[in-house]
Amino acid sequence: MKWQFWVDRGGTFTDIVARRPDGSFTTAKMLSENPEQYRDAAVAGIRKLLGLAPGEAVDAEMVDCVKMGTTVATNALLERKGERTALVTTRGFRDALRIAYQNRPRLFDRKIALPDQLYETVIEADERVAADGAVLQPLDADALRAQLVAAREAGIGAVAIVFMHAWIQPAHEAQAARIAREVGFGQVSVSYEVSPLIKYVSRGDTTVVDAYLSPILSRYVQQVAAELPGVRLMFMQSSGGLTDAMRFRGKDAILSGPAGGIVGMVRTSELAGFERVIGFDMGGTSTDVSHYAGTFEREFETQVAGVRMRAPMMSIHTVAAGGGSILHFDGARLRVGPDSAGANPGPASYRRGGPLAVTDCNVLLGKIQPAFFPRVFGPRADEALEREVVARKFAAMAEDVKAATGRELTPEQLAEGFLEIAVGNMAEAIKRISVQRGHDVTHYTLTTFGGAGGQHACLVADALGMNTVYAHPLGGVLSAYGMGLADQTDMRQRTVEQVLAPELLDGLRAALDELSAEAVGELRRQHVPDADIAVLQRVHIKYRGSDTALEVPYGTLDEMRGGFEQAYRQRFSFLMPDRPLVVETISVEARGGGEALDEQVAPRQRAGALQPRETVRMYSAGAWRDTPLYVREDMLPGDVLDGPAIISEANGTNVVEVGWQARITELDHIVMRRVVAREQRRAIGTEADPIMLEVFNNLFMSIAEQMGYRLQNTAHSVNIKERLDFSCAIFDAEGNLIANAPHMPVHLGSMSESIRTIMQANEGRMQPGDVYVVNDPYHGGTHLPDVTLVTPVFDRAGRQILFYVGSRGHHADIGGTTPGSMPPDSTTIEDEGVLFTNFQLVSAGRLNEAAAREILGSGKWPARNPEQNLADMQAQIAANEKGVQELLRMCDQFGLDVVRAYMGHVQNNAEEAVRRVISVLKDGEYTYPLDNGATIRVRIQVDREARSAVVDFTGTSAQLRNNFNAPRAITVAAVLYVFRTLVEDQIPLNAGCLKPIEIIVPPHSMLQPDPPASVVAGNVETSMCVVNALYGALGVLASSQGTMNNLTFGDARYQYYETISGGTGAGVADLGVPLAQARGFDGTSVVQAHMTNSRMTDPEVLELRYPVRLESYEIRTGSGGKGRWHGGNGGTRRLRFLSPMTVSILSNNRLHAPFGLAGGEPGEVGLNRVFRSDGSIETLGPQARTEVQPGDIVEIRTPGGGGFGKAA
């Protein structure tokens, strides 16, 4: 038997588990980056464990194999340091991966920062395949060859080939790959091989990642192999299986390290007798959490470092809360992360001049004892952690807190407060992968690992109501241990996209057998014996019209349907029995060759009872306590410790908190259990506390987000489920917004009007279990498709209304003259659909379905699909109920008086942040012209002394005869959005943001119309214009495209709606600074801005579902306004129709250009055109409806953003 080395190269530390020739284990922990000491941490650690000198050759006769997980690919992706790459794609799609789904990552950033593209250049190939695989245009091979030769001569080293619909017809990609290899490219990644699944954007991104990272990985593998000649190397893939180093690809490397942790967590937990576990892997930079209940959970589509990946990965949720997460005080509240001190300089205690971080909290509180922690710090990596600098920095921060808030906190209270915030963040991450998916974590075991996990495990378990924590002896290096326990695996996938029916079964069987043979063949090539190989066959099923596919084992028709329905009901709480089931993809996993887990506990003896090495001072549960510190090697099976206690190990520290008990099992594992009941009520007082202010901010937002998650996953319509056109919020008893989990900024603030309408209309009549519906723009609504459900939150006795919760969703159709309820030519509210004005949908828990159907079927233009409306309303009822239960649970924990007090405190905190911004603003005014002849006039008067502002829309056009009228709630939402974007800090969005602002909107104007004026464009178009006018008056941001470009098309069978993005305006980052000294930024091209953030349907999915063909979607180069900082470019989107349709467009800035500021030039106007199949070209107005025939092309050119400052 030879040595084996199992390695996890993480962001902060590299962990190594070595299995000696006699079967025993030893470990090493190295700083991942220590250039003064070694070139590569893994190789240096192997030499160290073998007793070799630095640089000394490793004898292959001594080492059986090295199994490694590495962050080399992840770091290259994060830092954008991969291979120079060219993207080869279908003509018309050069910008499709850059535009992607067009949503922006952060709602309130004026400067929209999108991830940098991995490819350096784009080659457009003349070829086209239809959604059914038919070849529409053969590949022009000669032209492609010439472009590839030029790219190779320019130094490009890798090629990613992504053609439309290659998932079903790969011939063109295969031909292009042959040409690329012939002209000398060493790395050629082809989408049908890398990710043979439908969805152009995520398949394309995955292919680009593979091309970009594979050469980097190859060089790293060769570097390690050169220092370990003759040693077999295997690497962990993101899917949780090992593969031969020479077959390790970029697309499979992103979660290489964390995947080993999942394997180690599962294998050791099962050995210990725990079958349902939550994995808690806390490292230096972040925390990874995972769920296991009998099978490994994998994601097949996810986003990493701004890149959409469509490849199998372990299902891991990461939160930016690790030992290195930096501690902040913003003048009112404490915050943890999301930024990290990393390994260099690391936390303050690392002796490299770093900032205070989570690790430092534990050092100060005595939970980490430097004398019992590895001496790997300081410039020579041989010193202990430093407590003195940590104490000085916490004392200084405590003084800062006292000066800013008047609250006198000791340094240890401050540190414990930071830990409470960090623990809350980690607990929320666990809820997302468990509670929100229908799992009751109180019946699970928390398996802790990672270098920092044991310090916080009991606290995290307490936050979740869990009673058992499990820690393996190698918990500090469990990811490395998992590398050794993992199987070698090969996974294969294929798109099906067919209805699950008896006639499909033979084809499924044949395809699964083919994929199985390929996967087994790969493992045989990696020398896995046939007897060790197992094959798992799975199908990924979804409801037709949905994008949510769930994985079930392949079996009979009834078994697959039953498995899907069981999984769907557990996650989403309901079924849709009338909808056909669709097999989206099939997948096969072949695995084998893993190490058997046979842990033998060597017999050990001890003279006498267990004694602590020291008794130390530890701050726990609000007090300093004399705490025994035990060293792990001194402990034997059967030992029992009552908390508080500290167990020090070579690779980590386990803290047994007050009320917990630790036991050493017969396998020498640690099991900690809650033995003293938790306090059900916390007494924290009602005065604002900087610690609890952040805790409550996060708790309130968590409730709104949990409501949103339930709504998204139980709604029926694509608008809510996939375009995320919804918002959920909680309100105090006066109807003030407390927390909003927004996807659509236009909903911000406007929901309070709906709440107050319901409150006033039903005062004294509401009872528990009531739910009300409103969409009437003249009674708290915005426009008719946005349907709001309001639920009062009563105390548990049912006597008093404590709060309100609300959910708003954009229903696919609510009636009106056109499908989708977005008519371009409506003149009265009746033209736009049916109205709900204070309708009681649920009375004391009873659904008034008949009355709801009657309203949906009423009026001149009734709703077209009442069943879907009712289904979406029931989803909103469920979302509101989630909010009710969570708010009551919060009151049980903290007390009603405390919850109410902090509802006020979080508003005050937001108010103060906005007042600080107002104090540096100047008076201004702006008049914004619309294409329909209307104008929006706004004047902003700033009182710097009072730190308040008056926003006056007097002079705005009177009520319009068209549908660009906007209810007052829209204007309030626009003002709230703009002032929130002026605050650079991460503040909660609530009613406090509006307290320093007086809003004056003239009655009978287009911004406060009278019934029955039409308003459908007010929500989507006028809202954008109001925002632009406000920024113009403030002088901080040039105009965005000023429209959502609402495009709808449909017939009796199909209805489709999308908003098309354009350019954003350039602006200044520094407020109140002279322009000559200010830092500015360019606008962003083709991205959703301001009041919308809806997603675009993937091009391949669009063509599969609808009779259209996307000819192109490209950036309009040069359409952004010039200036010192230039505006973002608009886009050009061209749709060819394959059957007769009615097409409508609601848009603006076709006549008036988006303005520039401070001498910056305006962006280009947009343009709507139809290219008829007979060769004629028809220009459409800003608001138009037209009939199209097969072969007609609708082209929408979206406006560019305005420039800022005079161009040099």
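So for the sequence shown, the UniProt record's numbering puts the first residue at 1; every next one is plus one.
Every residue, glycine too, gets a C-beta built ideally from N, C-alpha and C.
What's the gap between the Cα of residue i and the Cα of residue j?
i            : j       : result
Gly708       : Gly1062 : 27 Å
Ala966       : His783  : 8 Å
Leu485       : Thr714  : 38 Å
residue 1209 : Gly186  : Residue 1209 cannot be examined here, being either before or after the span of the chain that is shown, 1 to 1208.
Ala650       : Ala44   : 18 Å
Tyr1056      : Gly816  : 15 Å
Pro988       : Val336  : 15 Å
Gly284       : Pro215  : 28 Å
Ser620       : Arg19   : 37 Å
Leu835       : Leu1034 : 37 Å
Met618       : Glu61   : 48 Å
Val582       : Tyr554  : 14 Å
Exposed or buried, which one is residue i when buried takes at least 16 other CB atoms within 10 Å?
i       : result
Asp1098 : buried
His818  : In the sequence as presented, His is not what sits at residue 818; that position holds Thr. Under this definition Thr818 is a buried residue.
Ser1147 : buried
Trp660  : buried
Thr207  : buried
Thr89   : buried
Ser1085 : buried
Leu699  : buried
Thr1179 : exposed
Pro1190 : exposed
Met1    : exposed
Gly1127 : buried
Val159  : buried
Gly454  : buried
Thr556  : exposed
Closest to residue i by CA distance: which of the options is it?
i            : options                            : result
Asp642       : Ala974, Pro612 and Val1101         : Pro612
Phe839       : Thr791, Arg203, Leu930 and Glu832  : Thr791
Ser325       : Cys458, Ala934, Gly1159 and Asp339 : Asp339
Thr280       : Val460, Gly353 and Asn740          : Checking the sequence shown, residue 280 turns out to be Phe, not Thr. Nearest of Val460, Gly353 and Asn740 to Phe280, Cα basis: Val460.
Val658       : Asp639, Leu667, Ala131 and Arg678  : Arg678
Arg900       : Thr686, Asn1019 and Leu856         : Thr686
Glu1164      : Ala1158, Ile1177 and Asn1149       : Asn1149
Ile1060      : Cys65, Ser948, Ala1052 and Thr1043 : Thr1043
Val122       : Thr1132, Glu1114 and Asn1129       : Glu1114
residue 1209 : Tyr543, Ala549, Met560 and Gln566  : The chain is shown from 1 up to 1208; residue 1209 falls before or after that span and cannot be answered.
Gly545       : Arg808, Met576, Tyr928 and Leu364  : Met576
How about residue i and residue j: are their beta carbons less than 7 Å apart?
i       : j       : result
Ala53   : Val7    : no
Thr442  : Val469  : no
Thr585  : Thr489  : no
Glu805  : Asn880  : For clarity, residue 805 is Val in the given sequence; the question names Glu instead. Yes, Cβ-Cβ distance for Val805 and Asn880 is below 7 Å.
Ala177  : Ile198  : no
Leu711  : Ala875  : yes
Gly1202 : Gly1121 : yes
Val951  : Ile997  : yes
Leu515  : Arg492  : yes
Leu976  : Leu960  : no
Val231  : Val17   : no
Val1143 : Val1073 : no
Counting only the same chain and skipping the five closest in sequence on each side, list residues whose C-beta sits under 7 Å from that of residue i.
i      : result
Glu551 : Arg538 and His540
Gln706 : Gln436, Lys882 and Glu886
Return the chain-ordered list of same chain residues with a C-beta closer than 6 Å to the C-beta of residue i, the five sequence neighbours on each side being excluded.
i       : result
Ala332  : Asn909
Met68   : Val7 and Phe235
Ala871  : His716
Arg1133 : Ile1060, Tyr1113 and Ile1196
In chain order, what residues of the same chain have a beta carbon less than 8 Å from the beta carbon of residue i, not counting five sequence neighbours either side?
i      : result
Val601 : Pro637, Glu666, Leu667 and Asp668
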